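Encoded as structure tokens, the structure appears first; notes follow it.
2 protein chains.
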Amino acid sequence: MRNKIYLALVHYPVYNKRKETVCTSVTNFDIHDISRSCRTYDIKEYDIVVPVEAQKQLTQRIIGYWQGGTGGEYNKDRESAFKHTKVKNSLEETIADIEKTEGQKPVIITTSAHIYPNSISYSGLSEKIFTDDKPYLFLFGTGWGLIQEVMDMSDYILEPIRGNTKYNHLSVRSAVSIILDRVLGEN
Amino acid sequence: MRNKIYLALVHYPVYNKRKETVCTSVTNFDIHDISRSCRTYDIKEYDIVVPVEAQKQLTQRIIGYWQGGTGGEYNKDRESAFKHTKVKNSLEETIADIEKTEGQKPVIITTSAHIYPNSISYSGLSEKIFTDDKPYLFLFGTGWGLIQEVMDMSDYILEPIRGNTKYNHLSVRSAVSIILDRVLGEN
Numbered sequence: 060m061r062n063k064i065y066l067a068l069v070h071y072p073v074y075n076k077r078k079e080t081v082c083t084s085v086t087n088f089d090i091h092d093i094s095r096s097c098r099t100y101d102i103k104e105y106d107i108v109v110p111v112e113a114q115k116q117l118t119q120r121i122i123g124y125w126q127g128g129t130g131g132e133y134n135k136d137r138e139s140a141f142k143h144t145k146v147k148n149s150l151e152e153t154i155a156d157i158e159k160t161e162g163q164k165p166v167i168i169t170t171s172a173h174i175y176p177n178s179i180s181y182s183g184l185s186e187k188i189f190t191d192d193k194p195y196l197f198l199f200g201t202g203w204g205l206i207q208e209v210m211d212m213s214d215y216i217l218e219p220i221r222g223n224t225k226y227n228h229l230s231v232r233s234a235v236s237i238i239l240d241r242v243l244g245e246n
Numbered sequence: 060m061r062n063k064i065y066l067a068l069v070h071y072p073v074y075n076k077r078k079e080t081v082c083t084s085v086t087n088f089d090i091h092d093i094s095r096s097c098r099t100y101d102i103k104e105y106d107i108v109v110p111v112e113a114q115k116q117l118t119q120r121i122i123g124y125w126q127g128g129t130g131g132e133y134n135k136d137r138e139s140a141f142k143h144t145k146v147k148n149s150l151e152e153t154i155a156d157i158e159k160t161e162g163q164k165p166v167i168i169t170t171s172a173h174i175y176p177n178s179i180s181y182s183g184l185s186e187k188i189f190t191d192d193k194p195y196l197f198l199f200g201t202g203w204g205l206i207q208e209v210m211d212m213s214d215y216i217l218e219p220i221r222g223n224t225k226y227n228h229l230s231v232r233s234a235v236s237i238i239l240d241r242v243l244g245e246n
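Protein sequences appear in the order of chains P and R. In terms of the working numbering, the first sequence is numbered consecutively and its last residue is 246. In terms of the working numbering, the second sequence is numbered consecutively and its last residue is 246.
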């Protein structure tokens with residue numbers, strides 16, 4: 060359903076350039092830009108998934124500044140964008156919390172440059188979300204992308220974004236924006 | 060025409076929060092994210108418009124690092140993204156250079172939260188670009204947006220991006236991505 064859509068940005072477990080499983084650092088622009096995109100497309104909750112204690116604290120401090128602190132006072136639009144942004148310890152925690160809130164496990168959506176048996180088009184997913192009553196969770200990887208075990212958990216895998224070239228290296232911030240617009244936008 | 064599309068990110072003249080005309084600082088993520096989005100949607104040139112000498116030098120140094128330096132060696136995809144990213148002194152310089160290259164002035168496109176007599180839909184603009192042989196220039200403002208005199212120069216003004224909410228405060232990086240996808244994407 061349109062009002063049970065969640066999005067998580069995963070910092071662990073993801074691949075690095077050499078395809079080793081690593082934990083990446085949180086990027087300030089990922090907190091801001093993706094919170095604002097999620098607010099625009101009415102995402103119920105934006106989870107920043109990172110298990111490292113120092114990273115969690117730093118991220119929570121940034122979010123807190125805009126949620127209730129000086130930042131929120133200075134810029135009300137930003138305060139509104141950060142209202143549903145949360146820090147989570149793990150993907151398992153994100154999924155368990157959604158199940159607790161919604162009473163059922165979320166349908167997991169990822170994206171890939173490859174075609175899988177469970178690949179789905181943007182319009183196909185859009186139709187499904189608008190008619191289904193299940194919660195949906197969009198997963199985005201940082202670094203060199205989500206590890207294979209997470210990809211294997213996906214119920215549906217979105218086609219890669221193409222823009223009339225073969226270049227397929229958008230920032231995660233751009234990819235989130237375009238995917239939310241394609242699936243949920245008024246266009 | 061599809062192969063004569065330019066994009067400029069304007070740091071001067073733009074409004075600040077109090078609607079004064081100011082020059083904003085260049086943001087590193089605007090250089091990276093928008094270069095990558097422009098490469099994906101086959102934009103002929105991405106101009107970063109900033110008149111301040113120190114800002115121009117810093118921006119040129121960052122671009123140079125990825126265009127030919129250590130960065131380009133380390134990450135070939137990023138090198139490719141930065142190939143057509145340039146620093147320009149003013150909007151007038153951007154327009155004059157396009158006219159020199161293409162033999163005619165570009166059609167200027169901006170976006171606004173308001174509806175104007177020359178407002179255009181995404182599909183309307185998309186159709187126009189694919190059938191027209193003129194060069195097109197997309198202008199994006201930083202800070203609190205392009206000043207009125209620049210808006211008045213626009214041939215067409217795109218409708219605001221809506222995502223089923225009234226919230227309309229995307230980052231410029233997200234707005235660029237979504238607009239390029241709506242007008243030029245394979246969706």
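Idealized CB from N, CA, C, for every residue including glycine. In this text the structure is predicted, and so the values were computed from the model without any measurement.
Take the Cβ of residue i as the centre, count every other Cβ of all protein chains shown within 10 Å, and call the residue buried at 16 or more, exposed below.
i, result
"E112 of chain R", "exposed"
"G162 of chain P", "exposed"
"Y105 of chain P", "buried"
"Y16 of chain R", "Shown here, chain R extends from 60 to 246; a query on residue 16 of chain R therefore has no answer."
"E218 of chain R", "buried"
"Q116 of chain P", "exposed"
"D192 of chain P", "exposed"
Would the beta-carbon of residue i fall within 9 Å of that of residue j?
i, j, result
"I64 of chain R", "L243 of chain R", "yes"
"Y195 of chain R", "P165 of chain R", "yes"
"G202 of chain R", "Y100 of chain P", "no"
"I102 of chain P", "V85 of chain P", "no"
"V209 of chain P", "N148 of chain P", "no"
"I168 of chain R", "S213 of chain R", "yes"
"M95 of chain P", "H143 of chain P", "Looking at the sequence provided, one finds Arg at residue 95 of chain P rather than Met. No; because the gap between Cβ atoms is not below 9 Å, this pair is not in contact."
"V231 of chain R", "F197 of chain R", "no"
"Q119 of chain P", "C82 of chain P", "no"
"I216 of chain R", "I238 of chain R", "no"
"G127 of chain R", "R137 of chain R", "no"
"S178 of chain R", "S233 of chain P", "no"
From residue i to residue j, what distance separates their C-alpha atoms?
i, j, result
"D240 of chain P", "R77 of chain P", "32 Å"
"T190 of chain R", "L184 of chain R", "10 Å"
"F141 of chain P", "T160 of chain R", "44 Å"
"H91 of chain P", "H173 of chain R", "24 Å"
"K145 of chain R", "T170 of chain R", "22 Å"
"I206 of chain P", "Y124 of chain R", "30 Å"
"Y226 of chain P", "Y71 of chain R", "31 Å"
"L229 of chain R", "T80 of chain P", "32 Å"
"S180 of chain R", "N62 of chain P", "27 Å"
"K135 of chain R", "N75 of chain P", "16 Å"
"E158 of chain P", "L150 of chain R", "52 Å"
"I93 of chain R", "S139 of chain R", "13 Å"
"D211 of chain P", "D156 of chain R", "50 Å"
"G200 of chain P", "K187 of chain P", "23 Å"
"T224 of chain P", "G204 of chain R", "30 Å"
"N87 of chain P", "E152 of chain R", "33 Å"
"E245 of chain P", "V73 of chain P", "32 Å"
"S182 of chain R", "S182 of chain P", "17 Å"
Does the beta carbon of residue i come closer than 9 Å to any beta carbon on chain C?
i, result
"H70 of chain R", "In summary, chain C is missing from the structure at hand, where the protein chains are P and R."
Any chance the CB of residue i is under 8 Å from a heavy atom of the ligand PLP?
i, result
"W203 of chain R", "Because no ligand of any kind appears in the structure shown, any question about the ligand PLP cannot be addressed here."
Since residue i contacts residue j with CB under 8 Å, what's their CB separation in whole angstroms?
i, j, result
"D89 of chain R", "L68 of chain R", "6 Å"
If contact means a Cβ-Cβ distance below 9 Å, which residues of the segment 219-240 of chain R contact chain P?
Within the segment 219-240 of chain R, the residues whose Cβ lies closer than 9 Å to some Cβ of chain P are I220, R221, G222, N223, T224, Y226, N227, H228, L229, S230, R232, S233, A234, V235, S236, I237, L239 and D240, listed in chain order.
Contact list for the segment 145-175 of chain P against chain R, Cβ threshold 9 Å:
So nothing in the stretch comes that close.
Below 8 Å between beta carbons is the criterion; list the residues of the segment 88-120 of chain P that meet it against any residue of chain R, in chain order.
Here the close residues are F88, H91, D92, R95, S96, R98, T99, Y100 and D101.
Short-range partners of chain R found in the segment 194-206 of chain P, where Cβ spacing is below 9 Å
Those residues of the segment 194-206 of chain P that come within reach of chain R (Cβ to Cβ, closer than 9 Å) do not exist; the list is empty.
Against chain P: residues of the segment 128-143 of chain R by CB proximity under 8 Å:
Listed by position, the residues of the segment 128-143 of chain R near chain P (Cβ gap below 8 Å) are D136, R137, S139 and A140.
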